[in-house]
Amino acid sequence: MAKNYFYITFLLAFFFTVSVSAQDGKQLPKPQESTSIEGLSLYPNPVTNGKVYISSKNDLEKEVIVFDILGKKVLQAHLVTKELNVSDLPPGVYIIKISEQNASTTRKLIIR
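Residue numbers (mature numbering (1 follows the signal peptide of the UniProt record, and there is no 0)): -22 to -1, 1 to 90.
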């Protein structure tokens, strides 16, 4: 009986070692390199009046995409000015992706 426990323990240890070594061989994907937008400012956050202002050091034209927390695109706009109208969005937490020239940044946006 004690002999059976020894073999079971040995087999479990063997399989655990094999599964751990198999997982170590996997390579994790490298995160994409992206440059952030210099001097980016997003205010007010949380948004209470239906408008959010986005500015940066260069104040160039921006592409803005707003996603809900499930990753669904709920708003997309090209901004020439600093003002983004979010009054059509229900209160909640969103992810906002802002792109300007070759740089992009994502931030959390809260609408009350």
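By construction, the Cβ of each residue, glycine as well, lies at the ideal position given by its N, Cα and C atoms. Quick caveat, the model's predicted, so the values are computed rather than measured.
- Of the residues Lys75, Leu48, Leu87 and Lys50, the one whose Cα lies closest to the Cα of Leu57 is Lys75.
- Per DSSP, the unbroken beta strand (DSSP E) holding Asp46 starts and ends at Lys40 to Asp46.
- Taking 8 Å as the cut-off, the beta carbon of Ser14 is found closer than this to the beta carbon of Thr83.
- In the DSSP assignment, Glu78 is bridged to Ala81.
- Fully contained in the region 48 to 74 is no alpha helix (DSSP H) run of length 4 or more.
- Closest option to Pro69, judged by alpha-carbon separation, among Gln54, Arg85, Ala81 and Ile47: Ile47.
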